[in-house]
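Asker:
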Amino acid sequence: MKLDYTQALNRITQVQGVWLMHGNEPLLEQNLISALRKHWQQQNIERQRFDLQNVNDWKQIFSALNSLSLFSTQLAIEVHGNIKPDAQGLKQLKAFLQNPQDNVLVIIFPKQESQSLKSAFFQTIEANGTLIGLTAYSRQDQQRILQIEAEKMGIQLTSQAWQWLLYHHENNLLSARNSLINVADSFSELEQIDIEQLQQSLQDQSRYSTFDLGDACLKGDLAQAIKILNFLLESGEAHALIFWVLQKEMRLLLQLFEQPQNALQLGIWKNKIALYQQALRRCNPSQLITWSSLLLRTDNAIKGIGHENSQDLLLQLVCALSGKPVLTL
1 MKLDYTQALN
11 RITQVQGVWL
21 MHGNEPLLEQ
31 NLISALRKHW
41 QQQNIERQRF
51 DLQNVNDWKQ
61 IFSALNSLSL
71 FSTQLAIEVH
81 GNIKPDAQGL
91 KQLKAFLQNP
101 QDNVLVIIFP
111 KQESQSLKSA
121 FFQTIEANGT
131 LIGLTAYSRQ
141 DQQRILQIEA
151 EKMGIQLTSQ
161 AWQWLLYHHE
171 NNLLSARNSL
181 INVADSFSEL
191 EQIDIEQLQQ
201 SLQDQSRYST
211 FDLGDACLKG
221 DLAQAIKILN
231 FLLESGEAHA
241 LIFWVLQKEM
251 RLLLQLFEQP
261 QNALQLGIWK
271 NKIALYQQAL
281 RRCNPSQLIT
291 WSSLLLRTDN
301 AIKGIGHENS
311 QDLLLQLVCA
321 LSGKPVLTL
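Residue numbers (full-length UniProt numbering): 1 to 329.
#1: Hey, how far is the Cα of N230 from the Cα of N44?
#2: Determine whether the beta carbon atoms of G129 and L28 lie at a separation below 8 angstroms.
#3: Exposed or buried, K91, counting other C-beta atoms within 10 Å across all chains shown (16 or more means buried)?
#4: In the DSSP assignment, find the alpha helix (DSSP H) that holds K227 and state where it starts and stops.
#5: Could you pull the start and end residues of the alpha helix (DSSP H) that R282 belongs to?
#6: Could you name the residues that DSSP lists as bridge partners for P260?
#7: Around the Cβ of N10, are there at least 16 other Cβ atoms within 10 angstroms (buried) or fewer (exposed)?
#8: Do W40 and R47 have their C-beta atoms closer together than 8 angstroms?
#9: Pull the bridge partners of M21 from the DSSP assignment, please.
#10: The beta strand (DSSP E) that contains residue 330, what's its start and end?
#11: Run through the DSSP bridge pairs and tell me what F50 is partnered with.
#12: Contact between the stretch 278 to 289 and the stretch 308 to 325 is defined here as three or more beta-carbon pairs at a separation below 8 angstroms; is this criterion met?
#13: How would you call Y137, buried or exposed, if buried means at least 16 neighbouring beta carbons within 10 angstroms?
#14: Exposed or buried, what is Q123 when buried is set at 16 or more other beta-carbons lying within 10 Å of its beta-carbon?
#15: Indicate whether T290 and L241 have their beta-carbon atoms separated by less than 8 angstroms.
#16: Can you tell which of I148, I145, D141, L93 has the C-alpha that lies nearest to the C-alpha of E126?
#17: Measuring straight from C-alpha to C-alpha, what distance separates E191 and S116?
#18: I'd like to know whether the C-beta atoms of L75 and N103 end up nearer to each other than 8 angstroms.
#19: Among the candidates Q200, T13, E189, whose CA atom is the shortest distance from the CA of S179?
#20: Reducing DSSP to helix, strand and coil, say where I193 ends up.
#21: Can you tell me which of S235, P85, L36, E151 puts its alpha carbon nearest to the alpha carbon of N54?
#22: I need the boundaries of the beta strand (DSSP E) containing E4, first residue and last residue.
#23: From the DSSP output, read off the bridge partner residues of Q157.
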């Protein structure tokens, strides 16, 4: 049987036989292992851990599964590593799967390639046990997983805050969860967490933030905007997050150009309407027309599509948003 992370999390109390989880998401691995350990503790199930160093370690694992201590009626064994059993070990695995006697073998492997998953070891577990892929490729899956974490902390995020969080951490769910912990500690009294709270809680010792970059561009202060951009790049800020802030402001201005009377409805704060109007006046329609193409090129460069340099394109976006001629690099 194959399960994804959420399905496995909902079946913790039903775990039996062999569970093998593999993937490259530490948060998902930690959560499942923690949930399993909690269940075993509540059920007074003895737990042992083995770290695979060589193929012979499998002999000790199956020996332990066949010899309970005097004080235990059930045993749960965690196996961490990336070494598959040999032919004799595979034979013992099949025998255990046929008669686990309420014992549980949980195997934690790193992400496996598709060819590896076709081996007899993985095929045996898929056919007679449970194979769990610890992956979350889509933004929708990532947000769904992180929303579970946010609910545990008692916080809610706006839709824009979710977008910001996912862009900021570039598919690193563990890092994103840590950011949720920080913002929950700082703003637990708020009904909803927005981008501003996320940004504030994560700034720490930073001299400039991506929001400072957006504001400098809107004010038309190109020198300050370039200074902030360089600081962010040198500090290792994710290109995707810098892009997210710039494209958000540019799309707002494009919408305001089309709907000049609907600033509030577009989500522009009342005290910032004048700032956006001034920024729009610095840009003529011929400049605005080029923005969509420039945004698409930058997005592709950040994703590794094409041969353009994302850092150069971010600088061009800063120039464009500041209402200045775009630098040709």
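The C-beta atom is built at its ideal place from N, Cα and C for all residues, glycine as well.
Keep in mind that this is a model prediction, so the values were computed, not measured.
Answerer: Walking through what the data contain:
#1: Mapped onto the sequence shown, residue 230 falls at position 230. Mapped onto the sequence shown, residue 44 falls at position 44. Cα to Cα, the separation comes out at about 56 angstroms.
#2: Position 129 of the sequence shown, counting from 1, holds the residue named residue 129. Position 28 of the sequence shown, counting from 1, holds the residue named residue 28. Result no, Cβ atoms of G129 and L28 do not sit closer than 8 angstroms.
#3: Taking the first residue of the sequence shown as position 1, residue 91 is located at position 91. By the 10 Å Cβ count, K91 comes out exposed.
#4: Looking up residue 227 in the sequence shown gives position 227. First-last of the alpha helix (DSSP H) with K227: 222 to 234.
#5: For the purposes of this step, residue 282 is identified with residue 282 of the sequence shown, where counting begins at 1. Run containing R282: none; DSSP gives neither H nor E here.
#6: The residue labelled residue 260 in the question sits at position 260 within the sequence shown. Per DSSP, none; premise fails for P260.
#7: On the sequence shown, residue 10 is found 10 positions in, with the first residue counted as 1. Exposed: under 16 other Cβ atoms inside 10 Å.
#8: As a first step, residue 40 must be located in the sequence shown, where it is residue number 40. As a first step, residue 47 must be located in the sequence shown, where it is residue number 47. In contact: W40 and R47 (Cβ atoms closer than 8 angstroms).
#9: Position 21 of the sequence shown, counted from the start, is the residue given in the question as residue 21. Answer is I108, I132, bridged to M21.
#10: Outside the shown range of the chain (1 to 329) lies residue 330, about which nothing can therefore be said.
#11: Position 50 of the sequence shown, counted from the first residue, corresponds to residue 50. DSSP, once it has assigned bridges, lists V79 as partnering F50.
#12: yes
#13: Locating residue 137 in the sequence shown gives position 137, where the first residue counts as 1. Exposed.
#14: The residue you call residue 123 lines up with position 123 of the sequence shown. That one is exposed.
#15: Position 290 of the sequence shown holds residue 290. Position 241 of the sequence shown holds residue 241. In this structure, L241 does not lie closer than 8 angstroms to T290 by Cβ.
#16: Translated into positions along the sequence shown, residue 126 becomes position 126. Comparing Cα-Cα distances from E126 to each of I148, I145, D141, L93, the minimum goes to L93.
#17: As a working note, residue 191 is residue 191 in the sequence shown. As a working note, residue 116 is residue 116 in the sequence shown. Using only the alpha carbons, I get a separation of about 47 angstroms.
#18: Residue 75 sits at position 75 when you count from the first residue of the sequence shown. Residue 103 sits at position 103 when you count from the first residue of the sequence shown. In contact: L75 and N103 (Cβ atoms closer than 8 angstroms).
#19: In the sequence shown, counting from the first residue as 1, residue 179 sits at position 179. The shortest Cα separation from S179 among Q200, T13, E189 belongs to Q200.
#20: Position 193 of the sequence shown, counting from 1, holds the residue named residue 193. I193: strand per DSSP, three-state reduction.
#21: The sequence position of residue 54 within the sequence shown is 54, counting from 1. The residue with the shortest Cα to Cα distance from N54 is P85.
#22: Indexing the sequence shown from 1 puts residue 4 at position 4. Residue identity check: residue 4 is Asp in the sequence provided, not Glu. From DSSP, the beta strand (DSSP E) with D4 extends over 2 to 4.
#23: Looking up residue 157 in the sequence shown gives position 157. Here residue 157 turns out to be Leu, not Gln, going by the sequence shown. L157 is bridged to I193.
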